[in-house]
Amino acid sequence: MPILDSTTVEFLSGSPAQTARIGERLGKLLKGGEVICLEGQLGAGKTCFAQGLGRGWGATDDLTSPTFTLIHELRREADRKHLYHVDLYRLESEREAWMLGLSDLMDSTSTVLIEWPERALSLLPTDRLWITLELVDDTRRRLTFKPTDAQHQALLTALKREVFGIRS
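The numbers in the working numbering rise by one with no breaks, and the one at position 103 of the sequence shown is 112.
In structure tokens, the structure reads:
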């Protein structure tokens, strides 16, 4: 796990199951108010990561790719919080994302997970965790985590502690 700078962390996943487990570990740490952006080409593992995140978060339903419905709202039984899984792949303009009410989903209690966030950059809050997934080969993926604020930096620090026992 190279630490690229004081805020950027890179993981190398050896399989879809490991990609999902990293997502699951992150999901267990989410408390609400986070915006998680997943960038990567088709087949890079975004939905696999998102499914793990949903399991770790405690969603009562399985997280599936929302490509045709664009937004899936999931709930957690324990505290009735919401996880919004958004897939902007089919959008052709930021205006379409605005018409969906993307900005309305982001509040202090809900977690918003966005696939293809680069299609609505101007609508995203500046405070977020940006995760880039890249194909290395048929099974391996590189996941680069870049937080933009203290809340998401603390989340990434907790993830490093959870996965690797790193205390800094």
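Glycine residues also receive a C-beta, built at the ideal position from the N, C-alpha and C atoms.
7 angstroms Cβ shell around residue i - same chain, five flanking residues per side excluded
| i | result |
| --- | --- |
| M10 | Confidence at M10 is low in this model, with a pLDDT of 48, below 50, so its placement is unreliable and no value can be given for it. |
| A59 | G32, L47, L72, H94, L122, E124 |
Span separating the alpha-carbon of residue i from that of residue j
| i | j | result |
| --- | --- | --- |
| P134 | M115 | 8 angstroms |
| W66 | P156 | 19 angstroms |
| G36 | E82 | 15 angstroms |
| E43 | H161 | 7 angstroms |
| A68 | R89 | 10 angstroms |
| S24 | D71 | 20 angstroms |
| A159 | T141 | 19 angstroms |
| A167 | G110 | 31 angstroms |
Candidates the options, of which the one nearest residue i by Cα
| i | options | result |
| --- | --- | --- |
| E101 | T16, G52, W125 | W125 |
| L92 | S117, E171, E105 | S117 |
| L122 | L38, L47, E171 | L47 |
| E103 | T78, R34, L132, D88 | L132 |
| A106 | A167, D88, R89, T78 | T78 |
| E171 | E33, S24, P25 | E33 |
| A26 | D158, A159, A163, R150 | R150 |
Residue i Cβ short of 7 angstroms to the ligand ADP heavy atom set
| i | result |
| --- | --- |
| F58 | This structure lacks the ligand ADP, and indeed carries no ligand of any kind. |
Assumed close pair residue i, residue j - CB separation to whole angstroms, cut-off 8 angstroms
| i | j | result |
| --- | --- | --- |
| I31 | L144 | About 16 angstroms; that fails the 8 angstroms criterion. |
| L97 | R128 | 4 angstroms |
| G63 | S119 | 14 angstroms between Cβ atoms; not a contact. |
| T28 | G52 | Incorrect: roughly 12 angstroms between the Cβ atoms, too far for contact. |
Where residue i falls, given that 16 or more other Cβ within 10 Å makes a residue buried
| i | result |
| --- | --- |
| E86 | exposed |
| G61 | buried |
| Q50 | exposed |
| T56 | buried |
| L130 | exposed |
| S112 | exposed |
| R99 | exposed |
Contacts around residue i, its chain only, beta-carbon distance under 8 angstroms, and the 5 residues preceding and following it disregarded
| i | result |
| --- | --- |
| L165 | T16, V18, L138, F154, P156 |
Sequence-distant residues of the same chain with beta carbon closer than 6 angstroms to residue i, five excluded per side
| i | result |
| --- | --- |
| L39 | W66, T120 |
| V95 | I80, I123 |
| T250 | The displayed coordinates of the chain run from 10 to 177. Any statement about residue 250 would go beyond what the structure contains. |
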